[in-house]
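**Q**
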Amino acid sequence: YKVARGKALKGVEVQIIPKEHFYTWSEKFKKLGGQVKIPRVMKENDFRDFREYVLALQ
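Each residue of the sequence shown is one higher than the last, beginning at 389 in our numbering.
1. Report yes if the CB atom of Gln446 is closer than 9 Å to the CB atom of Ile405, and no otherwise.
2. In whole angstroms, what is the alpha-carbon distance linking Thr412 and Val424?
3. Under a three-way DSSP split, which group does Val429 fall into?
4. What three-state label does DSSP hand Lys416 in the structure shown?
5. So, under 8 Å CB-CB, Met430 and Phe417 are touching, yes? Tell me the CB distance rounded to an integer number of Å.
Encoded structure:
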């Protein structure tokens, strides 16, 4: 996490998506619920899967 914050997050671009996309992704990948924690920084593979899922919804 420290390395990701310090080096990998330089030049971050933000794209706003509908919150429903995040919730449907959370449900589909079993990350929805009170006991589930969403990481502040996703691993590269997890982010790739998330991005592909969101792009497919648009």
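Every residue, glycine too, gets a C-beta built ideally from N, C-alpha and C. All figures in this text were calculated on a predicted structure; none of them were measured in a lab.
**A** Walking through what the data contain:
1. Residue 446 sits at position 58 when you count from the first residue of the sequence shown. Residue 405 sits at position 17 when you count from the first residue of the sequence shown. For the pair Gln446 and Ile405, the CB atoms are nearer than the 9 Å cut-off.
2. Stepping through the sequence shown from its first residue, residue 412 is reached at position 24. Stepping through the sequence shown from its first residue, residue 424 is reached at position 36. Taking the straight line from one Cα to the other gives about 15 Å.
3. Here residue 429 is taken as the residue at index 41 of the sequence shown, counted from 1. Residue state, collapsed to three classes: coil.
4. Stepping through the sequence shown from its first residue, residue 416 is reached at position 28. Three-state result, Lys416: helix.
5. Locating residue 430 in the sequence shown gives position 42, counting from the first residue. Locating residue 417 in the sequence shown gives position 29, counting from the first residue. The beta-carbon distance between Met430 and Phe417, rounded to whole angstroms, is 12 Å. This is too long to meet the 8 Å contact definition.
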